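Colleague:
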Amino acid sequence: MPRRAAGVLAAAASLAAAASLAPSTDAIASPAAISGKAGGPVGPGVEKVASGTVRSLGEPAAAQDAAATAVAATTFGTAGAQAAVWTRRVGSAVWRRSGSVLPAGFGSSYDPAAAAVPGGPLLVVAGTAPPGEQCITSGSVAIASVGSRGTLGTARLVSDQRGTGSFDDRPIVAVGQHGTAWVAWSQGPDADACQDVGRADRIEVAVSHDAGMTFGAPVAMPGDGGHSAFGVRLAPLPGGQAAVSWTETTATGGQAVLVSVLGADGRPRQPEPVLTGDGPPLVLPGATFYDFPAGDIAALPDGKLMVAAPFWVSGRSVIKLAAGTPGGPWQQTSLNPPAGADLLLPALGLLSPGEVRLLCAVHTRSGDRLGYHWASITLTSRGAAVSLAGLRELTPAPPGPGFFEIGEELALARTHDGLLTAVVVAGQDGAALETATFSSPAAATTPPDNTGTPASRTPSPGTPGTSGRTAAGAGTAKAANARPRGFATTAAWLAAAALACAGAAGAVLLRRRRGSARHHRPSHRRR
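All residue numbers for the sequence shown refer to our numbering, where the first residue is 173 and numbers rise by one.
(1) Does any residue of chain C have a CB that is nearer than 8 Å to the CB of Ala-233?
(2) Thinking C-beta only, is Gly-252 closer than 8 Å to Ser-280?
(3) Using a Cβ-Cβ cutoff of less than 6 Å, which residues in the same chain neighbour Ser-270 once the five nearest sequence positions on both sides are dropped?
(4) Over the uninterrupted beta strand (DSSP E) stretch that includes Thr-607, give me the two end residues.
(5) Give me the Cβ distance between Phe-483 and Asp-450, rounded to the nearest whole Å; I'm assuming they're in contact under 8 Å.
(6) Let me check understanding here. Comparing Cα to Cα, which of Leu-406, Gly-395, Gln-254, Leu-274 lies closest to Gly-467?
(7) Drop a sphere of 10 angstroms on the beta-carbon of Asp-601, count the other beta-carbons inside from all chains shown, and report buried for 16 or more, exposed for fewer.
(8) So what does DSSP say about Gly-496, is it helix, strand or coil?
(9) With a threshold of 7 Å on Cβ separation, who are the neighbours of His-350 within its own chain once the five nearest residues in sequence on each side are excluded?
(10) What separation, rounded to the nearest whole angstrom, lies between the Cα atoms of Pro-443 and Ser-380?
(11) Where does the unbroken beta strand (DSSP E) through Pro-408 begin, and where does it stop?
(12) Which residue comes first and which comes last in the beta strand (DSSP E) that contains Leu-584?
(13) Please report the distance separating the alpha-carbon of Ala-511 from that of Gly-319.
(14) Taking C-alpha atoms, which residue in Ala-356, Leu-229, Phe-278 lies nearest to Ala-378?
(15) List the whole-angstrom C-beta distance separating Pro-284 from Ala-245, where the pair is believed to meet the contact cut-off of C-beta under 8 Å.
(16) May I have the straight-line CA-CA distance separating Thr-352 from Trp-267, to the nearest angstrom?
(17) Sort Ser-317, Gly-224, Thr-309 by Cα distance to Asp-362 and report the nearest one.
(18) Are the Cβ atoms of Leu-530 and Trp-546 separated by less than 8 Å?
(19) Per DSSP, Thr-422 forms a beta bridge with which residues?
(20) Hey, which unbroken runs of the beta strand (DSSP E) at 3 residues or more fall wholly within the segment 227-300?
(21) Going by the DSSP bridge assignment, what does Cys-366 pair with across the sheet?
(22) Tell me which same chain residues have a C-beta within less than 7 Å of the C-beta of Gly-398, skipping the five on either side of it?
(23) List the whole-angstrom C-beta distance separating Lys-492 from Leu-447, where the pair is believed to meet the contact cut-off of C-beta under 8 Å.
(24) Within a Cβ cutoff of 6 Å, which residues of the same chain sit near Gly-700, ignoring the five residues on either side of it in sequence?
(25) Considering only their Cβ atoms, is the gap separating Tyr-544 from Leu-516 smaller than 8 Å?
(26) According to DSSP, which residues form a beta bridge with His-535?
(27) Should Pro-293 and Ser-317 be called a contact, given that it needs their Cβ atoms to be closer than 8 Å?
(28) Is it the case that the Cβ atoms of Ala-415 and Ile-375 are separated by a distance below 8 Å?
(29) Under the assumption that Asp-341 contacts Ser-331 (Cβ atoms under 8 Å), give the Cβ distance between them as a whole number of angstroms.
(30) Tell me the start and end of each unbroken beta strand (DSSP E) in the segment 299-342 that is at least 3 residues and wholly inside, in chain order.
(31) Can you give me the start and stop residues for the beta strand (DSSP E) that Val-710 sits inside?
(32) Here's the rule: buried if 16 or more other CB atoms are within 10 angstroms of the residue's CB, otherwise exposed. What is Val-313?
(33) Bridge partners for Thr-593 per DSSP, in chain order?
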């Protein structure tokens with residue numbers, strides 16, 4: 173969430189003063205398919221969690237275990253920014269607002285993220301700042317647990333920056349095997365607490381070995397000669413390791429997505445740039461919200477990693493994807509928007525060992541409309557044979573403006589039978605916090621099938637971490653010569669992903685008008 177100044181937040185609070193963030197039991201029907209094709213994927217089940225007035229909701233996240241589901245979002249109202257949590261027990265049709273992730277002695281919370289510990293509990297993290305701060309001076313990281321009865325526990329601090337001269341921002345949480353949990357965030361000096369992304373910001377990761385009850389001292393991730401690190405993402409790996417990705421500004425002013433591995437011994441590997449180019453502008457053309465080019469990372473079934481992030485190419489925001497192994501070759505492809513639109517907020521999720529979901533947002537400049545779309549990619553037993561499974565609009569797009577803060581990323585969380593995401597659908601008539609669930613093939617029933625029209629892609633093989641890294645603005649990686657067995661599967665997966673999301677962008681009516689005046693945009697990091 174932008175490090176928003178108190179005056180800006182006060183203006184937003186006045187807009188949302190009458191907000192009624194009411195839990196909901198109304199199910200929202202999944203939108204009709206764009207077109208049909210036998211053998212397509214199961215469409216998502218979309219459901220309303222809560223509703224409010226214009227610009228009263230943003231920055232959603234969700235997680236689910238066998239006992240309960242938790243959905244978090246930042247609420248903007250007279251009390252300021254609060255990372256609120258709604259819960260629902262398995263078997264219940266009622267969502268209940270369970271409270272906010274706000275530790276004692278703090279005045280605001282924001283940027284929630286969530287993850288599930290196998291067997292429980294659910295973990296929700298958030299940034300939090302002391303009362304009376306104009307920006308996020310002394311901002312810290314808090315965590316709370318949601319138990320089997322759907323009750324939100326007392327928030328406790330993972331990192332307390334009060335009195336240190338530093339702040340934390342934009343936390344993320346991930347859970348691996350044997351009760352190992354990671355919380356990562358960006359940290360910077362208080363002198364940068366009012367900057368959108370501080371030049372001295374760096375990434376830190378704290379590890380828990382007791383399902384998030386306690387955390388060790390944070391580990392500072394090494395940089396790659398750049399600055400302004402932010403948008404950290406985590407992907408648990410076997411053996412107590414975690415892949416860590418984040419974005420940095422390069423020495424030449426471009427943007428690089430770095431990938432490192434934090435070992436089970438707490439030692440990070442030197443990061444390598446796997447995607448490079450120009451970052452999108454802070455405000456996309458025609459937009460009334462800030463865009464921070466955070467991406468996503470996922471561990472693929474073949475033992476490789478996949479990374480996605482937005483970049484500015486030829487006057488538009490595209491999503492670049494790269495797959496490979498740390499220290500080895502990476503294969504790139506680009507996901508291009510239709511004319512007059514930009515892509516942002518990529519999210520990746522493994523639905524099953526042979527099926528992947530790609531979620532992205534498409535911003536149409538005319539009318540400041542934003543829509544979320546999903547695509548299904550199937551990896552077959554033959555390896556290289558990848559089929560485009562289908563494209564669908566996730567939710568309708570009401571006319572705007574509707575947002576005070578959209579958030580920096582989307583997320584697809586693994587559940588026991590599929591994937592779960594949370595979105596805020598907002599417009600001039602109000603805002604709704606919703607979930608979308610994607611059932612795995614084993615749990616799915618036969619749905620109406622659908623597919624979209626593929627769009628062209630431009631693959632760009634690369635070998636990050638070698639000499640001659642792509643210069644800022646070039647957006648083209650050097651060719652990779654070595655491609656180990658199984659790499660063709662990953663490359664084909666990426667190509668199909670690019671076709672899928674680009675096709676969705678051109679085929680459906682985009683969502684969310686947000687024609688607000690620019691002075692209502694937050695100046696990020698600033699509550």
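Here a beta-carbon is modelled for each residue, glycine too, at the ideal position from N, C-alpha and C.
Computed from a predicted structure; not experimentally measured.
Modeller: Inspection of the coordinates gives the following:
(1) Protein chain content of the structure displayed is limited to a single chain, and chain C is not contained in it.
(2) On the sequence shown, position 108 is the one that residue 280 refers to. On the sequence shown, position 80 is the one that residue 252 refers to. Yes, the pair counts as a contact, with Cβ atoms nearer than the cut-off.
(3) Within the sequence shown, the letter at position 98 stands for residue 270. Excluding residues within five positions, the ones whose Cβ falls inside 6 Å are Val-257, Thr-259, Leu-324.
(4) The sequence position of residue 607 within the sequence shown is 435, counting from 1. It spans 602-611 - the beta strand (DSSP E) in which Thr-607 sits, taken as one unbroken run.
(5) Position 311 of the sequence shown, counted from the start, is the residue given in the question as residue 483. Position 278 of the sequence shown, counted from the start, is the residue given in the question as residue 450. Indeed, because the Cβ distance is near 6 Å, the residues count as touching under 8 Å.
(6) To locate residue 467, count along the sequence shown from 1; it is residue 295. If we check each option's Cα against that of Gly-467, Leu-406 comes out closest.
(7) Walking along the sequence shown from the start, residue 601 turns up at place 429. Its Cβ having fewer than 16 others within 10 Å, Asp-601 is exposed.
(8) If you number the sequence shown from 1, residue 496 lands on position 324. Gly-496: strand per DSSP, three-state reduction.
(9) Here the question's residue 350 lines up with position 178 in the sequence shown. None.
(10) For the purposes of this step, residue 443 is identified with residue 271 of the sequence shown, where counting begins at 1. For the purposes of this step, residue 380 is identified with residue 208 of the sequence shown, where counting begins at 1. Approximately 22 Å, taken between the alpha carbons.
(11) Residue numbering aside, residue 408 sits at position 236 when the sequence shown is read from its first letter. 399-409 is the span of the beta strand (DSSP E), which, as asked, contains Pro-408.
(12) For the purposes of this step, residue 584 is identified with residue 412 of the sequence shown, where counting begins at 1. Taken as a continuous stretch (DSSP letters only), Leu-584 belongs to no beta strand (DSSP E), as it is neither H nor E.
(13) In the sequence shown, residue 511 corresponds to position 339, counting from 1. In the sequence shown, residue 319 corresponds to position 147, counting from 1. Distance between the alpha carbons of Ala-511 and Gly-319 is about 47 Å.
(14) Stepping through the sequence shown from its first residue, residue 378 is reached at position 206. Closest option to Ala-378, Cα to Cα, is Ala-356.
(15) The residue you call residue 284 lines up with position 112 of the sequence shown. The residue you call residue 245 lines up with position 73 of the sequence shown. With 8 Å as the limit, Pro-284 and Ala-245 qualify as a contact, their Cβ atoms being about 7 Å apart.
(16) Here residue 352 is taken as the residue at index 180 of the sequence shown, counted from 1. Here residue 267 is taken as the residue at index 95 of the sequence shown, counted from 1. In a straight line, the C-alpha of Thr-352 is about 29 Å away from that of Trp-267.
(17) Here residue 362 corresponds to residue number 190 of the sequence shown, with the count starting at 1. Of the listed residues, the one whose Cα sits closest to Asp-362 is Thr-309.
(18) Numbered from 1 along the sequence shown, position 358 holds the residue referred to as residue 530. Numbered from 1 along the sequence shown, position 374 holds the residue referred to as residue 546. For Leu-530 and Trp-546, yes; Cβs fall inside 8 Å.
(19) As a working note, residue 422 is residue 250 in the sequence shown. Paired residue(s): none; Thr-422 is not in a bridge.
(20) 229-236, 240-249, 252-261, 268-272, 280-288
(21) The residue given as residue 366 occupies position 194 in the sequence shown. The partner list for Cys-366 (beta bridge, DSSP) is empty, contrary to what the question assumes.
(22) Locating residue 398 in the sequence shown gives position 226, counting from the first residue. Same-chain partners within the cutoff: Glu-420, Thr-421, Thr-422, Ala-423, Ala-428.
(23) Counted from its first residue, the sequence shown places residue 492 at position 320. Counted from its first residue, the sequence shown places residue 447 at position 275. About 5 Å; that satisfies the 8 Å criterion.
(24) As displayed, the chain neither begins before 173 nor continues past 699, which places residue 700 out of reach and without an answer.
(25) Stepping through the sequence shown from its first residue, residue 516 is reached at position 344. Stepping through the sequence shown from its first residue, residue 544 is reached at position 372. No, these two residues do not count as a Cβ contact at 8 Å.
(26) For the purposes of this step, residue 535 is taken as residue 363 along the sequence shown, with counting starting at 1. DSSP, once it has assigned bridges, lists Asp-514, Leu-542 as partnering His-535.
(27) The count along the sequence shown starts at 1 and reaches residue 293 at position 121. The count along the sequence shown starts at 1 and reaches residue 317 at position 145. Contact: yes.
(28) In the sequence shown, residue 415 corresponds to position 243, counting from 1. In the sequence shown, residue 375 corresponds to position 203, counting from 1. Contact flag unset, no.
(29) Counting from 1 along the sequence shown, the entry for residue 341 is found at position 169. Counting from 1 along the sequence shown, the entry for residue 331 is found at position 159. Contact flag wrong, Cβ pair sits at about 11 Å.
(30) 312-318, 328-331
(31) Any answer about residue 710 is impossible in this case: the structure gives the chain only from 173 up to 699.
(32) The sequence position of residue 313 within the sequence shown is 141, counting from 1. Answer is buried; the Cβ neighbour count reaches 16.
(33) Along the sequence shown, read from residue 1 onward, the residue named residue 593 stands at position 421. Bridge partners of Thr-593: Ala-608.
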